[in-house]
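Here is the structure we will look at, set down as structure tokens.
Residue numbers (this note's numbering): 307 to 497.
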């Protein structure tokens, strides 16, 4: 579990730093990663470095997530629609989407890993339907930005997500590629 929490802490801090840089008019710089091909090695290095730093990883992660919430509450609409570039995404993304991604990453992507380590059900198990839908919507938007034209092809994309059950539904990710980037269709996801 420590590796997962370290990863989430690093990604949350990295996202917040990128947002702060973008809002200050600076291009974010990421040591050790120039594009998504370097993500795996960068991830391993930053997790190892974060574990070596020690401290209360979970407390640091929660503090970072609280900062994300504060950003979402305090930023003006023009700031939320400002774009930020990260080397793992295929297009600049609005700040509001990056903040939203920071909620689904621990709350959906790694939720079972974190909860299983302390013998609890996945974190998403307690979500209300409306919250669950927002998480899936954020995931669908992230898929559009994570799409890799070099592997999936340069022609438009459509990805369908169907989830059964009381909080289920259908989500569609659509996009077109331009030189060689893709972006999800539709407005930024409200936080």
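Beta carbons are placed, not taken as given, at the ideal position from N, Cα and C, and that holds for glycine.
Since the model is a prediction, treat every value here as computed from it, not as a measurement.
Cβ of residue 392 within 8 angstroms of Cβ of residue 315?
For the purposes of this step, residue 392 is taken as the residue at position 86 of the chain shown. For the purposes of this step, residue 315 is taken as the residue at position 9 of the chain shown. Not closer than 8 angstroms, so no.
Whole angstroms is fine: what's the gap from residue 416's alpha carbon to residue 394's?
Along the chain shown, read from residue 1 onward, the residue named residue 416 stands at position 110. Along the chain shown, read from residue 1 onward, the residue named residue 394 stands at position 88. Cα to Cα, the separation comes out at about 18 angstroms.
Only counting the same chain, and skipping five residues up and downstream in sequence, which positions put a Cβ closer than 6 angstroms to that of residue 309?
Counted from its first residue, the chain shown places residue 309 at position 3. These residues qualify, in order along the chain: 353.
Do you know how far the Cα of residue 329 is from the Cα of residue 464?
Reading the chain shown from its first residue, position 158 is the one you call residue 464. Reading the chain shown from its first residue, position 23 is the one you call residue 329. If you take the alpha carbons of residue 464 and residue 329, they lie about 31 angstroms apart.
Using DSSP with H/G/I as helix, E/B as strand and the rest coil, what is residue 487?
If you number the chain shown from 1, residue 487 lands on position 181. For residue 487, the predicted structure reports a pLDDT of 41, less than 50, and the residue's modelled location is therefore unreliable. A value from the coordinates is still provided. If DSSP states are grouped into helix, strand and coil, residue 487 belongs with the strands.
Per DSSP, what kind of secondary structure is residue 335 in: helix, strand or coil?
Walking along the chain shown from the start, residue 335 turns up at place 29. Note: residue 335 maps to coil in three-state DSSP.
Rounded to whole angstroms, what is the Cα-Cα separation between residue 441 and residue 403?
By 1-based counting over the chain shown, the position of residue 441 is 135. By 1-based counting over the chain shown, the position of residue 403 is 97. Approximately 11 angstroms, taken between the alpha carbons.
Taking C-beta to C-beta, are residue 334 and residue 327 nearer than 8 angstroms?
Taking the first residue of the chain shown as 1, we reach residue 334 at position 28. Taking the first residue of the chain shown as 1, we reach residue 327 at position 21. In this structure, residue 327 lies closer than 8 angstroms to residue 334 by Cβ.
Where are the alpha helix (DSSP H) runs, 4 residues long or more, that stay fully inside the segment 369-417, in chain order?
Whole alpha helix (DSSP H) segments, 4+ residues: 383-386 and 401-410.
Round the Cβ separation of residue 429 and residue 450 to the nearest angstrom and send it over; I've been treating them as touching at under 8 angstroms.
As a working mapping, residue 429 is identified with position 123 in the chain shown. As a working mapping, residue 450 is identified with position 144 in the chain shown. Not quite, the Cβ-Cβ distance comes to about 24 angstroms (not below 8 angstroms), so this is no contact.
Helix, strand or coil, according to DSSP, for residue 311 in the structure here?
Translated into the one-based positions of the chain shown, residue 311 becomes position 5. Helix at residue 311.
Please tell me whether, using a cut-off of 7 angstroms, the distance from the CB of residue 390 to the nearest non-hydrogen atom of the ligand FAD is below it.
The ligand content of the structure shown is nil, which means the ligand FAD is not present either.
Residue range of the alpha helix (DSSP H) that residue 358 falls in?
Counted from its first residue, the chain shown places residue 358 at position 52. First-last of the alpha helix (DSSP H) with residue 358: 345-359.
Considering only DSSP beta bridges, list what residue 475 is partnered with.
For this step, residue 475 is matched to residue 169 along the chain shown. DSSP, once it has assigned bridges, lists 469 as partnering residue 475.
Rounded to whole angstroms, what's the CA-CA distance from residue 421 to residue 427? Just pull it up for me.
Against the chain shown, residue 421 aligns to sequence position 115. Against the chain shown, residue 427 aligns to sequence position 121. Residue 421 and residue 427: Cα-Cα distance of roughly 6 angstroms.
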